[in-house]
Structure formats: C-alpha cells, structure tokens
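J.: Those protein sequences? They're chains C and H, same order as listed.
According to the working numbering, the first sequence is numbered sequentially starting from 1442.
According to the working numbering, the second sequence is numbered sequentially starting from 2.
Just so it is clear, CB atoms sit at the ideal spot from N, CA and C, and this is done for glycine as well.
Next up is a structure, given as structure tokens.
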Amino acid sequence: MNAVFDLQDVALAYEDAKGETLLALKGIDVTVRDNEFLVLLGPSGCGKSTLLKVMVGLLRPSAGRVLHRGAEVRDTIQDVGMVYQNPLLLPWRSVLDNVLLPVEILKWDRKKYEPIARNILDTVGLSGFTGKMPRQLSGGMQQRVGICRALITDPSLLLMDEPFAALDALTRDEMARELARLWEQRRKTVVFVTHSIPEALLLADRILVMSPRPGRIARVIDVDLPRPRADGRKLGAAFEEYVDLIRDIIFSFKES
Amino acid sequence: MARRATRMLRHYGPPVGAILAVILVWYAVTAWLGVPGWLLPSPQAVVASAIEYGDILPRHTLITLAETLLGLAVSLLVGVPLAIVIVWSAFLRRTVYPLVLGLQSVPKVALAPLFLIWVGYGMPSKVLIVASIAFFPIVVDTVTGLALVERDLLDMVRVLRASTLQTFLKIRIPSAMPHFFSGAKVAVTLAVIGAVVGEFVGSDVGLGYLMLVSGSQLNTAMVFVCLVILSLMGAILFEIVEALQRIACPWSLGE
C-alpha cells in the first residue's frame, strides 16, 4: 500500500514584488499515512498553507518530489475535500445548495446526493437549516456547512487550512471537539493546518512542527493520547506535557 | 397598522422632507427677495408652465426616455459580453481592456458631433452617445466583479476540475451581480445626461432640445420644468435598477 503522500526534499521558491527569490519551503520530507490525522503546526508565515497547496497540486515545488499514492503529482489530485479558514460559501445559494456545489461541478446526479447532503448536515446539527441562506447563519455554523461541502463527495482525503482560525475562542473549541468526534466515527486521512497547540493535540495522530522562513519540519511528534479525546479534561497530565514540549520547540525558533 | 405607518414615515420621511425644504427655500427666495422670473422662476410659475405646455411635454419626454433606454440597452448588450470575454481571456484582457480604458479618457461630449456626422441627425446618434457614456461603468464594474473572486474558492473548484464555463456560470457571474448593479446604477444616471447632451448638439425634439429653445426665449420656467422631469427620470430609473438588484441578488443589499 502506497502512502497517501510522500514528499521528498521538497522546496518551494517564489519571487517577491522586488524580484528577489525567497524560499517558502525547504527540505521537506513528509509521509502521510492512510487514515491518519496529521497536523501541520507552526507560527504564522512558516509555509503551512503553502505546503498544503503543494500537496494538492495547486503549487509546483521548485525542487524535490511530491508523490500521491505512489504517483508524481502533476495536475491537482482528485478524491480530496478542502476546507479553508473562510467558509467560502456562495451567498446566493442555500445551505443545501452550497453543500451540493461539488456534486454539480462533477456533474453527478444531484437527486441522489440530496439525501446524502441532508444526512451530513444532520450529523453536524444543521438539519433545521438546509433552506437557510449563509448570511442567516453564525460563523461556526457557516464553517460547519463548509466542512459538509468538503465531505459530500466522500473523499478519502481531507485538507483543512486553519478551518477554525476565524471563529471566536469558545466556538473554536467546540468545533475542534466536534471534528474529533466526527473523525473518530469515520476515519479519513486528514491533513490539518493550525497554529493552536491544544487544537492540534485534540485532533492529531502526528504533529509536524514547522519552523518559520523557510518552512521546514522541525520535529515530528507522535501524539500518544487515548481516544476519544473530544472531552479534553480526561487527557490530564499527559496533555499538558505535550503542550509544554511543543511550546518549547516553538520558542526555540525565536531564540535561534 | 400604526406600526406600519411609523415605518413608512421613518423610511420616506427624511427624503420627502429634504425635497420639501428645498422647495420652501426656493419659494422664499423668489417671493421675498424679488428675484425676476427670467432669472429664477418661482415654484408656482414652474408648475403653471408645466400645465400650460402639458400638451407637448409627453412627446419630448418620451423621446428622451426612449433615447436613454435604447442607449442603455446597447451599452448592456455590448458591455456585459465584453466584460465576460475580457475576464475569460488573458489575451483580450491585455489587448482590448487597455483600449476600453483608453477610450474612456476621450470626452464623450466631444464625440457627439462625430456621431451626428456618422449616423445622422435623428435618434440613432443620441442612442450612440448614451451608449458610449453608459458603457464604461458597466464594463469596468462587471469586469471587477467577475475578477474579484476569492483565490481559495477558485482553488477549491479547480481541484474539482471545474471547467472555465462552470466557473463562470456557478461562481464568477453570480458573484459579479452586485458589482454589475453598482455599474448599472451609475450608468442610468449618466445615460440621461448623455441623451440631453446629444439633443443639445443637434436635435429638433426631446427635453434637451426643449430646454435649449426655452432658454433662448428666456422662458426659464420651462427650462426648470424640463430639469425637474429629467431628474425625476434619472431617479426613477435608478430606483428600478435597485429594485431589480433586490430581486436578482438580495444578499448584496444587506437584508
């Protein structure tokens, strides 16, 4: 069985407005395993989102190889759901129609997917909102719709780029727990970008801690905490030890 | 019932009040400062003039309205498809769009005599002038709206292998609607101006012509009648566009 992703010595350079070449990523070696929840954690500007774009094929690495299930990524990969910080809902479409957008673009049978969409919306507690317009929903609800839209095609891989970063602290916490619960029910491969340590620990099987400019993998941490983790209080001292460990790694960037 | 009345009053009260205040000041100036009628006619003289010429006003008004609407139609029929192809094709964006922007700096009023030579004295020249003025805000705002789609959203549909046509139909065109309507609102008010300018340059009918003739006879009250009709025309067309926007993209009006 090939790994979902295999990145070998990947670098990404780009030119800034002055025409100077800058390195966004350097020497990235990552293997993403099947059905694991992988978190990319690091300070702002460390290239986490860029790495995600390289994986999905939206950006070409300047050096190194990106393999998706053993094959080199040339065009964008398929069978993937994407969730961004901004829910990116279309304001002229109802909640249900927003969730069904990928189905329409793929020219699949909309009728067949409508009950599936309702079902997914139901699992995130939005069954009463299918006919509502996005602007009638709170930020947390909108992001739930965005996640449902990523799930409608039942992809085996989910890429999430700071999906809860725009939410208030309480909603954010609640959403992370909900995602942990959802993932424990049906395990997909997830690559999740965040800069929140507790969020990472609540969700991850493995955490890649990235260093800033150029982004590199500073440390790979296997999170050996029992699941289900949705109730973070039960994780106790082990959780705190992980928090301290990661914090120390991140602070060490600032000193060097 | 009473609550509804209060809401209506709150909504329409301020604008109606403002208009009444202007008329009141106008009346006061003419009544108490002894301004001669040929310089500034009183509101009641304007009303009297409108009644006196009630038989010829509808014809001139309808002609000017027709020029405005036809010119708008032409600018929409040319402008919207042009905006779409400009955003669709990188080549056209770099060839045609600079030309469009360059043409905008040509004063349209100065083109009016040229249109007269090209298509004659009648309605077509006025329609062309209106279209050339209304065209620009429609193209520029529609291009802005079509191009202004979030990068991440485009990435998302790209990963779904959406065709360019799908991207336009499902994302770009609907999200450009509010911008299109902003452009259309500017365009309708400019269109009325365009029609009058066209009539000034050469015409024997229309409100612009009527103003010119009345002005030369020092029939200032009649000039005012035409001005009032023209501003009403602009305001009503504006309201119609806004009503269409409310139907087409209610999300853009923050309701």
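What in chain C is Cβ-close to H/C250, meaning under 7 Å?
T.: W1533
J.: Can you name the residues that DSSP bridges to C/L1479?
T.: C/V1632, C/R1647
J.: Which residues in the same chain as C/K1467 place their Cβ atom closer than 6 Å to its Cβ, once the five residues preceding and following it in sequence are excluded?
T.: A1452, P1655, R1657
J.: Against C/T1517, what residues of chain H qualify as contacts under a CB-to-CB distance less than 7 Å, listed in chain order?
T.: R159, V160
J.: Where does H/Y122 sit, in a helix, a strand or coil, going by DSSP?
T.: coil
J.: With DSSP collapsed to three states, give me the class of C/D1609.
T.: coil
J.: Is there at least one Cβ from chain A nearer than 8 Å to C/L1643's Cβ?
T.: You won't find chain A in this structure, because its protein chains are C and H.
J.: What does the alpha-carbon distance come out to for the pair C/E1619 and H/D156?
T.: 26 Å
J.: Does the beta carbon of C/E1513 come closer than 8 Å to any beta carbon on chain H?
T.: no
J.: On the three-pair Cβ rule with 8 Å, is the stretch 1632-1641 of chain C touching the stretch 1598-1614 of chain C?
T.: The stretch 1632-1641 of chain C makes contact with the stretch 1598-1614 of chain C; the number of CB pairs closer than 8 Å reaches 3 or more.
J.: So what's C/G1566 in DSSP terms, helix, strand or just coil?
T.: Look at C/G1566 here: in three-state DSSP terms it is coil, with no helix or strand label.
J.: Just the C-alpha distance for H/G103 and H/L149, rounded to the nearest angstrom, thanks.
T.: 22 Å
J.: Give the straight-line distance between the Cα atoms of H/W33 and H/I194, rounded to the nearest whole angstrom.
T.: Each residue's Cα considered, the two are about 33 Å apart.
J.: Give the straight-line distance between the Cα atoms of C/T1612 and H/L129, rounded to the nearest whole angstrom.
T.: 57 Å
J.: State buried or exposed for C/D1450, treating a residue as buried only when at least 16 other CB atoms are found within 10 Å of its CB.
T.: exposed
J.: Got a sec, what are the start and stop residues for the beta strand (DSSP E) H/A163 sits in?
T.: Note, H/A163: premise wrong, no beta strand (DSSP E); not H, not E.
J.: Out of curiosity, what's the CA-to-CA distance linking C/P1639 and H/V141?
T.: 47 Å
J.: Using a C-beta cutoff of 8 Å, does H/L166 count as contacting chain C?
T.: Closer than 8 Å: no.
J.: Counting only beta-carbon separations shorter than 8 Å, does C/M1574 have a partner in chain H?
T.: yes
J.: With a threshold of 7 Å on Cβ separation, who are the neighbours of H/A185 within its own chain once the five nearest residues in sequence on each side are excluded?
T.: I139, V242
J.: For a contact meaning CB atoms closer than 7 Å, what does C/V1521 contact in chain H?
T.: Result: V160.
J.: Suppose only complete runs of 3+ residues qualify. What are the beta strand (DSSP E) ranges in the stretch 1475-1545 of chain C, listed by chain order?
T.: 1478-1482, 1504-1509, 1521-1524
J.: State the DSSP-derived secondary structure class of C/E1456, mapped to helix, strand or coil.
T.: strand
J.: For a test of your reading of the model: does the CB of H/A188 fall under 7 Å from any non-hydrogen atom of the ligand HEM? Yes or no.
T.: Among the ligands in the structure shown, none appear at all, so the ligand HEM cannot be discussed.
J.: Ends of the alpha helix (DSSP H) at C/M1574?
T.: Per DSSP, C/M1574 belongs to no alpha helix (DSSP H) and is neither H nor E.
J.: So with CB distances below 9 Å, who are the chain C contacts of H/L254?
T.: Ordered by position in chain C, no residue passes the 9 Å Cβ test against H/L254, which lies about 11 Å from the chain.
J.: Only counting the same chain, and skipping five residues up and downstream in sequence, which positions put a Cβ closer than 7 Å to that of H/V86?
T.: L93
J.: Give the DSSP-derived three-state secondary structure of H/S253 in the structure shown.
T.: helix
J.: For C/F1446, write down the residues that DSSP places opposite it in a beta bridge.
T.: C/V1473, C/H1509
J.: What residue range does the alpha helix (DSSP H) around H/V202 cover?
T.: Taken as a continuous stretch (DSSP letters only), the alpha helix (DSSP H) holding H/V202 covers 174-202.
J.: If we define contact as Cβ-Cβ less than 8 Å, is C/N1527 a contact residue for chain H?
T.: It does; some Cβ of chain H falls within 8 Å.
J.: Should H/A163 be flagged as near chain C, meaning a C-beta pair shorter than 8 Å?
T.: yes
J.: Who are the neighbours of C/V1497 on chain H, taking C-beta pairs under 7 Å?
T.: V160, listed in chain order.
J.: C/I1467 by DSSP, collapsed to three states: which one?
T.: At residue 1467 of chain C the sequence reads Lys, which differs from the Ile that was named. Three-state DSSP puts C/K1467 in a strand.
J.: Anything in the stretch 1537-1548 of chain C with a Cβ closer than 8 Å to a Cβ of chain H? List those residues in chain order, please.
T.: Within the stretch 1537-1548 of chain C, the qualifying residues are L1542, P1543, E1545, I1546, L1547.
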